[in-house]
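Here is the structure we will look at.
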Amino acid sequence: MTQITKICCIGAGYVGGPTMAMIAKKCPHIKVTVVDLNEQRIAAWNDEDVNKIPVYEPGLSEVVAEARGRNLFFSTEVESAIADAQMVFISVNTPTKTYGAGKGQAADLKWIELCARQIARVAKDNKIIVEKSTLPVRTASAIRDILTHTGNGSQFQILSNPEFLAEGTAVEDLDAPDRVLIGGDSTPEGQIAVQALVDVYANWIPRERILTTNVWSSELSKLTANAFLAQRVSSINSLSELCEKTEADITEVAKAIGTDSRIGPKFLKASVGFGGSCFQKDILNLVYIARSYGLQEVADYWEQVIIMNDHQKKRFANQMIRDLYNTVNGKKISFLGWAFKKDTNDTRESAAIYVADHLLYEQAYISVYDPKVLEDQVYADLDYLGSRTQEENRNGVKVVSDPYEACKGAHAIAVLTEWDEFKNYDWQRIYDSMLKPAKIFDGRNLLDTNKLSDIGFIVQAIGKK
Ligand code: NAD
Ligand code: UDX
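Position one of the sequence shown corresponds to residue -17 (my numbering), numbered consecutively onward.
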């Protein structure tokens, strides 16, 4: 088997949907079927109105519109899609375990194992299985075990092909990635499988950007790439606290550090704390793996990245409380932004959730505006924490669709997501509608502090005096 013409992807989420849409767009000769157990999600991917697809990403609806129905299909018929494909991507969720051994740290591989068993059950011919989900190093050997012991004699090659897209820029990241990583066995069969996947990507990605490694290097590189990125955010955030004490300015410090070509300017933006479905989960997993090999110092080193991030979220909330005269009881606080970063509707692990939770403990009343996050999602995020009853969450938090409404009558505004539109609001109008002194806590260093101060706001931005 060399030329791939039929691909199946299990999991139509934030990774499976966009990655497969891009493959389908760039490879019209390949039929790509994305399957999921979640009927609602598949229905949304198939919605006639392409703007209603379940993942918001700039440019994604255009990519889907081009390929859907031509060579891109979304379906709940998991088994037939697997049976039909020569190459099966596994792109299901791998969240942190919430029970048993490794609770709170290890990756829960339940869904991965289910996929492997399902593939083993339905496969009637040889297939290439591609790990697209982020997985602990050596997961491929577990998948291989399941496939060879429960399969029906079909031969499987297992590749690791982790995804490096970032949400909010998924389409451009997929269109022109820094690199594509493919790990496979060094056996002749393994190398044929690697080449088959290289050939798929080579339809639009320059060959020198397609890196091939052994399976374990590929699996480990994904976890550690995320750990490195998150470490940069925690490093700059740790310095933001020092800046606030010393009158150094974090933006100036970040620029001075980042212009060293050995360090580079990216991922040095101080913030209220990193969020997203990946960073925390992947570092916790790395910490767990290191501990399971007895590498205590390695585990402690990486764990500090998470400890720092938790500290940053908490200290942001505490600073608000302190600056609001040590009580937020009954005070209206407006949240601009709920998503974990701009240009996405994803809220997983968003700092906003934890800041809200902290303020709700202090009996604040929160009004949330986010351009892309729906009301139900905000409540689902708070309910998931289990800090208080659903009714209490709904009494303490209101989600509104108008930013001016969110800010009206508020004692303070917290900027939690760096949505561009926030910069262009009529800030005089907002100031006029707020209680005085009107305070802004800019958790993203997004707004023009001088302009706001001239209007009369008291502004506290991360890493600035
Ligand atoms: P997601 O939760 O958005 O999507 C996963 C989907 O898999 C869900 O829709 C779920 O219903 C489906 N699923 C689970 N088990 C299934 C099964 N047995 N059969 C069919 N469908 C099944 O998750 P995601 O954000 O797309 O992440 C998927 C993987 O990619 C994770 O391992 C994640 O760490 C990794 N990753 C995510 C990102 C990101 O930006 N979100 C980036 C890189 C890598
Ligand atoms: C990350 C990785 O970047 C991506 O390669 C991987 O595939 C998935 O995980 P993602 O979580 O989607 O992507 O977004 P990212 O841009 O990395 O941002 C993560 C968090 O860090 C966000 O909350 C963001 O606001 C925050 N961040 C990022 C900062 O606070 N400062 C920065 O300088 C950069």
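Each residue gets a CB set at the ideal place from its N, CA and C atoms; glycine is no exception.
- Distances between the C-beta of Y183 and the heavy atoms of the ligand NAD are all 7 Å or more.
- L163 and E387 have their alpha carbons spaced roughly 47 Å apart.
- Secondary-structure assignment with DSSP links G165 through a beta bridge to S142, T195.
- Ranked by Cα distance from K390, the options T399, I412, D339 are led by I412.
- Around the beta carbon of A362, fewer than 16 other beta carbons lie within 10 angstroms, which makes this residue exposed.
- Unbroken beta strand (DSSP E) runs of no fewer than 3 residues, entirely contained in the stretch 350 to 417, are found at 379 to 381, 394 to 397, following chain order.
- Under the 10 Å beta carbon count, N377 is surrounded by fewer than 16 other beta carbons and is classified as exposed.
- Out of D358, K263, I192, the CA that lies nearest to the CA of N291 is found in K263.
- As summarised for the stretch -4 to 69, the continuous alpha helix (DSSP H) elements at least 4 residues long and confined to that stretch are -2 to 8, 21 to 27, 42 to 49, 60 to 66, given in chain order.
- Beta-bridge analysis with DSSP links C(-9) to V16, F71.
- With respect to the 8 Å criterion, P144 and K204 are classified as neighbours on the basis of their beta carbons.
- Contact annotation: A394 and I303 have beta-carbon atoms that are not nearer than 8 Å.
- Distances between the C-beta of A124 and the heavy atoms of the ligand NAD are all 7 Å or more.
- Under DSSP, A443 forms a beta bridge with D424.
- Sixteen is the threshold: when 16 or more other Cβ atoms of the shown chains lie within 10 Å of the Cβ of R330, as they do, the residue is buried.
- Looking at S199, L342, A152, I140, the one whose alpha-carbon comes closest to that of E171 is I140.
- Nearest to E234 by C-alpha distance, out of A252, R244, S243, is A252.
- Spatial neighbours of C(-9) in its own chain (CB-CB distance under 6 Å, excluding positions within 5 residues in sequence) are listed in chain order as G(-2), M2, V16, F71, S73.
- The Cβ atoms of A178 and I125 lie no closer than 8 Å to each other.
- Counting C-beta atoms within 10 angstroms of its own C-beta, F210 has fewer than 16 neighbours from the protein chains shown and is therefore classed as exposed.
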